[in-house]
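Everything on this sheet refers to the single structure shown next.
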Amino acid sequence: MNIPRYWAKAERGVSVGGQRYRFVAWQGSDESPEHARLLAERALAERVARKERGERLGQYPKGGAPLREEILEELTDARGERVAVITRNAAGCLVLNTARVMFIDLDFAQAASLGRAGCWAFVRSLFSRPRPARQSPEEGALERVRAWHAEHPGWAVRVYRTRLGLRLLVTHALFDPASPEALAAMRKLGADRRYELLCRSQTCFRARLTPKPWRIGLKRPPVRYPWESPSQERAQRQWERAYEAKIGGYDVCRLLTTLGSAAPHPEAEQIVRLHDGYVLSSLGRPLA
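Residue numbers (the numbering used here): 4 to 291.
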(Lines of atoms letter the chains of each structure in order from A; the text may use other names.)
(Lines give C-alpha, C1' and ligand atoms only; values in the text may rest on other atoms or scores of the structure.)
Protein backbone atom coordinates (compact mmCIF):
# COMPACT_ATOMS: atom_id res chain seq x y z
CA MET A 4 0.00 0.00 0.00
CA ASN A 5 1.27 3.42 -0.92
CA ILE A 6 0.53 5.05 2.44
CA PRO A 7 3.77 6.63 3.74
CA ARG A 8 4.52 6.71 7.45
CA TYR A 9 6.69 9.84 7.24
CA TRP A 10 6.23 13.11 5.37
CA ALA A 11 8.45 16.09 4.61
CA LYS A 12 7.97 19.42 2.88
CA ALA A 13 10.46 21.34 0.74
CA GLU A 14 9.85 24.88 -0.51
CA ARG A 15 11.77 27.52 -2.39
CA GLY A 16 11.21 30.93 -3.93
CA VAL A 17 12.38 31.12 -7.56
CA SER A 18 12.36 33.78 -10.28
CA VAL A 19 11.42 32.44 -13.72
CA GLY A 20 11.00 34.72 -16.71
CA GLY A 21 10.96 37.80 -14.54
CA GLN A 22 8.19 36.45 -12.30
CA ARG A 23 8.54 35.25 -8.73
CA TYR A 24 7.15 31.83 -7.81
CA ARG A 25 6.91 29.90 -4.57
CA PHE A 26 7.40 26.17 -5.11
CA VAL A 27 6.29 23.58 -2.57
CA ALA A 28 6.79 19.82 -2.72
CA TRP A 29 5.58 17.17 -0.27
CA GLN A 30 6.96 13.65 -0.33
CA GLY A 31 6.36 10.61 1.84
CA SER A 32 8.53 7.66 2.84
CA ASP A 33 8.20 4.47 4.86
CA GLU A 34 11.90 4.54 5.73
CA SER A 35 12.44 7.67 7.83
CA PRO A 36 11.71 11.40 8.08
CA GLU A 37 15.16 12.03 6.61
CA HIS A 38 14.40 9.94 3.55
CA ALA A 39 11.11 11.77 3.10
CA ARG A 40 13.00 15.07 3.27
CA LEU A 41 15.48 13.90 0.63
CA LEU A 42 12.63 12.89 -1.67
CA ALA A 43 10.91 16.23 -1.13
CA GLU A 44 14.07 18.14 -2.06
CA ARG A 45 14.45 16.05 -5.21
CA ALA A 46 10.82 16.59 -6.18
CA LEU A 47 11.17 20.32 -5.60
CA ALA A 48 14.29 20.54 -7.74
CA GLU A 49 12.50 18.64 -10.52
CA ARG A 50 9.50 20.97 -10.42
CA VAL A 51 11.70 24.06 -10.53
CA ALA A 52 13.67 22.63 -13.47
CA ARG A 53 10.48 21.85 -15.38
CA LYS A 54 9.17 25.35 -14.81
CA GLU A 55 12.46 26.83 -16.01
CA ARG A 56 12.18 24.73 -19.17
CA GLY A 57 8.71 26.13 -19.76
CA GLU A 58 6.88 22.85 -19.13
CA ARG A 59 3.42 22.70 -17.59
CA LEU A 60 3.56 21.27 -14.11
CA GLY A 61 0.14 19.66 -14.23
CA GLN A 62 -2.27 19.15 -11.40
CA TYR A 63 -2.96 16.38 -8.90
CA PRO A 64 -4.11 13.69 -9.25
CA LYS A 65 -1.76 12.30 -11.89
CA GLY A 66 -2.05 8.69 -10.75
CA GLY A 67 0.99 8.40 -8.50
CA ALA A 68 0.85 10.87 -5.62
CA PRO A 69 -0.35 9.36 -2.32
CA LEU A 70 -2.61 11.28 0.03
CA ARG A 71 -1.14 12.97 3.09
CA GLU A 72 -3.03 11.22 5.89
CA GLU A 73 -2.13 10.45 9.49
CA ILE A 74 -1.83 6.72 10.17
CA LEU A 75 -3.84 5.72 13.25
CA GLU A 76 -3.78 1.92 13.17
CA GLU A 77 -2.13 -0.85 11.14
CA LEU A 78 -3.12 -4.48 10.67
CA THR A 79 -0.38 -6.87 9.53
CA ASP A 80 -0.30 -10.48 8.41
CA ALA A 81 1.94 -13.31 9.64
CA ARG A 82 4.80 -12.03 7.45
CA GLY A 83 4.55 -8.55 8.93
CA GLU A 84 3.14 -7.02 5.76
CA ARG A 85 0.42 -4.42 6.10
CA VAL A 86 -3.00 -5.71 5.07
CA ALA A 87 -4.98 -2.73 6.37
CA VAL A 88 -4.32 0.78 7.60
CA ILE A 89 -6.73 3.21 9.25
CA THR A 90 -5.98 6.83 8.40
CA ARG A 91 -7.67 10.18 8.94
CA ASN A 92 -8.44 11.94 5.68
CA ALA A 93 -8.41 15.66 4.92
CA ALA A 94 -12.10 15.89 5.84
CA GLY A 95 -11.39 14.46 9.29
CA CYS A 96 -13.02 11.06 8.72
CA LEU A 97 -11.38 7.76 9.59
CA VAL A 98 -10.74 5.68 6.47
CA LEU A 99 -10.01 1.97 6.18
CA ASN A 100 -7.37 1.24 3.53
CA THR A 101 -7.05 -2.42 2.53
CA ALA A 102 -4.27 -3.98 0.49
CA ARG A 103 -6.27 -6.84 -1.02
CA VAL A 104 -9.87 -6.82 0.25
CA MET A 105 -12.09 -5.06 -2.26
CA PHE A 106 -14.51 -2.28 -1.35
CA ILE A 107 -16.65 -0.57 -3.98
CA ASP A 108 -18.80 2.43 -3.08
CA LEU A 109 -21.69 3.25 -5.41
CA ASP A 110 -23.50 6.60 -5.29
CA PHE A 111 -27.19 6.67 -6.14
CA ALA A 112 -27.88 8.29 -9.50
CA GLN A 113 -29.38 11.73 -9.21
CA ALA A 114 -33.13 11.68 -9.67
CA ALA A 115 -34.17 12.97 -13.07
CA SER A 116 -35.68 16.43 -13.06
CA LEU A 117 -39.41 16.53 -13.62
CA GLY A 118 -38.86 19.15 -16.24
CA ARG A 119 -36.25 17.23 -18.19
CA ALA A 120 -38.75 15.36 -20.33
CA GLY A 121 -40.82 18.48 -20.89
CA CYS A 122 -44.40 18.49 -22.06
CA TRP A 123 -43.98 15.42 -24.30
CA ALA A 124 -43.73 13.19 -21.24
CA PHE A 125 -47.03 14.59 -20.01
CA VAL A 126 -48.70 14.05 -23.40
CA ARG A 127 -47.45 10.46 -23.62
CA SER A 128 -48.71 9.79 -20.12
CA LEU A 129 -52.24 10.64 -21.21
CA PHE A 130 -52.30 7.75 -23.68
CA SER A 131 -50.11 5.16 -22.04
CA ARG A 132 -51.10 2.48 -19.60
CA PRO A 133 -50.28 3.07 -15.93
CA ARG A 134 -46.71 2.14 -15.07
CA PRO A 135 -45.56 0.44 -11.90
CA ALA A 136 -44.41 2.77 -9.17
CA ARG A 137 -40.92 4.08 -9.79
CA GLN A 138 -38.18 2.34 -7.83
CA SER A 139 -36.45 4.11 -5.01
CA PRO A 140 -32.76 4.87 -5.59
CA GLU A 141 -31.87 2.07 -3.18
CA GLU A 142 -34.09 -0.46 -4.97
CA GLY A 143 -32.72 0.51 -8.37
CA ALA A 144 -29.09 0.31 -7.26
CA LEU A 145 -29.64 -2.99 -5.46
CA GLU A 146 -31.33 -4.43 -8.55
CA ARG A 147 -28.31 -3.50 -10.67
CA VAL A 148 -25.97 -5.10 -8.14
CA ARG A 149 -28.05 -8.29 -8.14
CA ALA A 150 -27.99 -8.37 -11.95
CA TRP A 151 -24.21 -7.99 -11.91
CA HIS A 152 -23.91 -10.74 -9.30
CA ALA A 153 -26.01 -13.07 -11.45
CA GLU A 154 -23.16 -12.84 -13.97
CA HIS A 155 -20.60 -13.52 -11.20
CA PRO A 156 -22.33 -16.15 -9.00
CA GLY A 157 -19.04 -17.34 -7.52
CA TRP A 158 -18.44 -14.01 -5.82
CA ALA A 159 -19.42 -13.43 -2.20
CA VAL A 160 -20.42 -9.83 -1.52
CA ARG A 161 -21.73 -7.97 1.51
CA VAL A 162 -24.00 -5.10 0.48
CA TYR A 163 -24.39 -2.10 2.78
CA ARG A 164 -26.55 1.00 2.57
CA THR A 165 -24.67 4.28 3.01
CA ARG A 166 -26.08 7.78 3.32
CA LEU A 167 -26.22 8.31 -0.46
CA GLY A 168 -25.54 4.92 -1.98
CA LEU A 169 -24.37 1.35 -1.53
CA ARG A 170 -21.09 -0.15 -0.37
CA LEU A 171 -19.91 -3.56 -1.53
CA LEU A 172 -17.37 -5.61 0.41
CA VAL A 173 -16.09 -8.62 -1.54
CA THR A 174 -15.16 -11.50 0.76
CA HIS A 175 -14.50 -14.67 -1.25
CA ALA A 176 -11.06 -13.71 -2.61
CA LEU A 177 -8.30 -11.11 -2.52
CA PHE A 178 -7.61 -8.64 -5.32
CA ASP A 179 -4.87 -6.35 -6.56
CA PRO A 180 -6.44 -2.85 -6.59
CA ALA A 181 -4.86 -2.15 -9.99
CA SER A 182 -5.79 -5.50 -11.56
CA PRO A 183 -8.00 -5.76 -14.65
CA GLU A 184 -10.47 -7.86 -12.63
CA ALA A 185 -10.88 -5.19 -9.96
CA LEU A 186 -11.08 -2.44 -12.57
CA ALA A 187 -13.72 -4.34 -14.55
CA ALA A 188 -15.89 -4.82 -11.45
CA MET A 189 -15.66 -1.13 -10.51
CA ARG A 190 -16.57 0.04 -14.00
CA LYS A 191 -19.36 -2.47 -14.53
CA LEU A 192 -20.96 -1.49 -11.22
CA GLY A 193 -20.51 2.24 -11.84
CA ALA A 194 -17.99 3.15 -9.16
CA ASP A 195 -16.77 6.74 -9.10
CA ARG A 196 -13.81 7.19 -11.46
CA ARG A 197 -11.98 9.26 -8.85
CA TYR A 198 -12.20 6.29 -6.49
CA GLU A 199 -10.80 4.05 -9.20
CA LEU A 200 -7.86 6.42 -9.70
CA LEU A 201 -7.28 6.68 -5.96
CA CYS A 202 -7.22 2.90 -5.59
CA ARG A 203 -4.47 2.74 -8.20
CA SER A 204 -2.41 5.63 -6.82
CA GLN A 205 -2.66 4.41 -3.20
CA THR A 206 -2.40 0.74 -4.23
CA CYS A 207 -5.30 -0.10 -1.94
CA PHE A 208 -9.07 -0.07 -1.61
CA ARG A 209 -10.70 2.48 0.70
CA ALA A 210 -13.84 2.70 2.83
CA ARG A 211 -14.90 5.57 5.10
CA LEU A 212 -15.46 4.45 8.70
CA THR A 213 -16.85 7.57 10.41
CA PRO A 214 -19.36 10.30 9.48
CA LYS A 215 -18.57 13.23 7.24
CA PRO A 216 -18.30 16.24 9.57
CA TRP A 217 -20.68 18.52 7.65
CA ARG A 218 -23.41 15.90 8.05
CA ILE A 219 -23.17 16.15 11.84
CA GLY A 220 -22.92 19.91 12.16
CA LEU A 221 -19.14 20.39 12.05
CA LYS A 222 -16.75 22.07 9.65
CA ARG A 223 -13.68 20.38 8.19
CA PRO A 224 -10.51 20.19 10.30
CA PRO A 225 -8.66 23.52 10.57
CA VAL A 226 -5.32 22.23 9.26
CA ARG A 227 -4.06 19.50 6.99
CA TYR A 228 -1.68 16.71 7.94
CA PRO A 229 1.23 16.74 8.53
CA TRP A 230 1.15 19.69 10.90
CA GLU A 231 3.94 22.20 10.69
CA SER A 232 3.82 23.54 14.25
CA PRO A 233 2.66 22.53 17.75
CA SER A 234 -0.16 25.06 17.51
CA GLN A 235 -1.47 23.40 14.35
CA GLU A 236 -1.48 20.01 16.04
CA ARG A 237 -3.28 21.42 19.08
CA ALA A 238 -5.95 22.92 16.82
CA GLN A 239 -6.35 19.58 15.06
CA ARG A 240 -6.64 17.59 18.29
CA GLN A 241 -9.22 20.03 19.61
CA TRP A 242 -11.25 19.51 16.44
CA GLU A 243 -10.95 15.73 16.83
CA ARG A 244 -12.34 15.87 20.38
CA ALA A 245 -15.37 17.81 19.15
CA TYR A 246 -15.80 15.32 16.30
CA GLU A 247 -15.58 12.27 18.57
CA ALA A 248 -18.19 13.80 20.86
CA LYS A 249 -20.72 13.97 18.00
CA ILE A 250 -20.21 10.86 15.90
CA GLY A 251 -21.76 8.55 18.52
CA GLY A 252 -25.22 9.58 17.35
CA TYR A 253 -24.72 8.30 13.80
CA ASP A 254 -23.92 5.20 11.77
CA VAL A 255 -22.05 5.10 8.47
CA CYS A 256 -23.65 1.95 7.04
CA ARG A 257 -26.54 -0.45 7.38
CA LEU A 258 -26.12 -4.05 6.18
CA LEU A 259 -28.76 -4.80 3.53
CA THR A 260 -27.91 -8.28 2.27
CA THR A 261 -25.20 -10.76 1.37
CA LEU A 262 -24.85 -12.22 -2.11
CA GLY A 263 -23.22 -15.56 -2.89
CA SER A 264 -22.37 -18.50 -0.67
CA ALA A 265 -18.62 -18.82 -1.21
CA ALA A 266 -16.60 -19.12 1.99
CA PRO A 267 -14.86 -15.90 3.00
CA HIS A 268 -11.11 -15.57 2.71
CA PRO A 269 -9.51 -15.38 6.21
CA GLU A 270 -8.05 -11.94 5.48
CA ALA A 271 -11.44 -10.72 4.33
CA GLU A 272 -12.99 -12.03 7.55
CA GLN A 273 -10.57 -9.86 9.53
CA ILE A 274 -11.49 -6.84 7.47
CA VAL A 275 -15.22 -7.48 7.88
CA ARG A 276 -14.87 -7.53 11.66
CA LEU A 277 -12.79 -4.36 11.67
CA HIS A 278 -15.05 -2.52 9.22
CA ASP A 279 -18.36 -3.54 10.78
CA GLY A 280 -17.14 -2.67 14.25
CA TYR A 281 -16.87 0.93 13.11
CA VAL A 282 -19.76 1.43 10.70
CA LEU A 283 -22.64 -0.69 12.05
CA SER A 284 -24.80 -0.65 15.14
CA SER A 285 -28.12 -2.15 16.21
CA LEU A 286 -29.50 1.24 17.24
CA GLY A 287 -30.93 2.36 13.90
CA ARG A 288 -29.11 5.68 14.05
CA PRO A 289 -29.16 8.16 11.15
CA LEU A 290 -26.65 7.48 8.41
CA ALA A 291 -23.92 10.04 7.96
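Ideal placement from N, C-alpha and C gives every residue a C-beta, glycine not left out.
- Task: Determine the direct distance from the alpha carbon of A87 to that of T6, and round the result to whole angstroms.
- Result: The residue labelled residue 6 in the question sits at position 3 within the sequence shown. The residue labelled residue 87 in the question sits at position 84 within the sequence shown. Checking the displayed sequence, the identity of residue 6 turns out to be Ile instead of Thr. When rounded, the distance between both Cα atoms is 10 angstroms.
- Item | Option in R209, E184, Y163, A94 with minimal Cα separation from I219 | The sequence position of residue 219 within the sequence shown is 216, counting from 1. Ranking the options by Cα distance to I219, first place goes to A94.
- Item | Identity of the residues DSSP links to F26 by a beta bridge | Within the sequence shown, residue 26 is the residue found at index 23, counting from 1. Looking at the DSSP assignment, F26 forms a beta bridge with R15.
- Query: V88 bridges to which residues according to DSSP?
  - Reply: Taking the first residue of the sequence shown as position 1, residue 88 is located at position 85. DSSP output for V88 lists E77, N100 as bridge partner(s).
- Query: To which residues does DSSP link G31 through a beta bridge?
  - Reply: Locating residue 31 in the sequence shown gives position 28, counting from the first residue. Bridge partners of G31: W10.
- Flag this pair as yes or no: are the beta carbons of N100 and R209 separated by less than 9 angstroms? For this step, residue 100 is matched to residue 97 along the sequence shown. For this step, residue 209 is matched to residue 206 along the sequence shown. In contact: N100 and R209 (Cβ atoms closer than 9 angstroms).
- Task: Between the Cα of H152 and those of I274, L262, G16, spot the shortest distance and give me the residue it belongs to.
- Result: Residue numbering aside, residue 152 sits at position 149 when the sequence shown is read from its first letter. Looking at the Cα atoms, L262 is the closest of the given residues.
- Task: Could you please give me the residues that DSSP links to G168 through a beta bridge?
- Result: Here residue 168 is taken as the residue at index 165 of the sequence shown, counted from 1. G168 is bridged to D110, T165.
- Query: Within 10 angstroms of its Cβ, does R161 collect 16 or more other Cβ (buried), or is it exposed?
  - Reply: Here residue 161 refers to the residue found at position 158 of the sequence shown. The residue is buried, with at least 16 neighbouring Cβ atoms inside 10 Å.
- Message: Just to check my reading of the structure: C207 and P183 have Cβ atoms closer than 8 angstroms, yes? What is that Cβ distance to the nearest angstrom?
- Response: For this step, residue 207 is matched to residue 204 along the sequence shown. For this step, residue 183 is matched to residue 180 along the sequence shown. Not really, about 17 angstroms apart at Cβ, beyond 8 angstroms.
- Give the straight-line distance between the Cα atoms of L258 and G251, rounded to the nearest whole angstrom. As a first step, residue 258 must be located in the sequence shown, where it is residue number 255. As a first step, residue 251 must be located in the sequence shown, where it is residue number 248. Going from the Cα of L258 to the Cα of G251 covers about 18 angstroms.
- Task: Pick helix, strand or coil for V51, following the three-state DSSP scheme.
- Result: On the sequence shown, position 48 is the one that residue 51 refers to. The answer is helix: DSSP assigns V51 an H, G or I state.
- Query: Cβ of L167 within 9 angstroms of Cβ of V282?
  - Reply: For the purposes of this step, residue 167 is taken as the residue at position 164 of the sequence shown. For the purposes of this step, residue 282 is taken as the residue at position 279 of the sequence shown. No, these two residues do not count as a Cβ contact at 9 angstroms.
- If you run the structure through DSSP and keep just helix, strand and coil, what is V282? The residue labelled residue 282 in the question sits at position 279 within the sequence shown. Correct three-state label for V282: helix.
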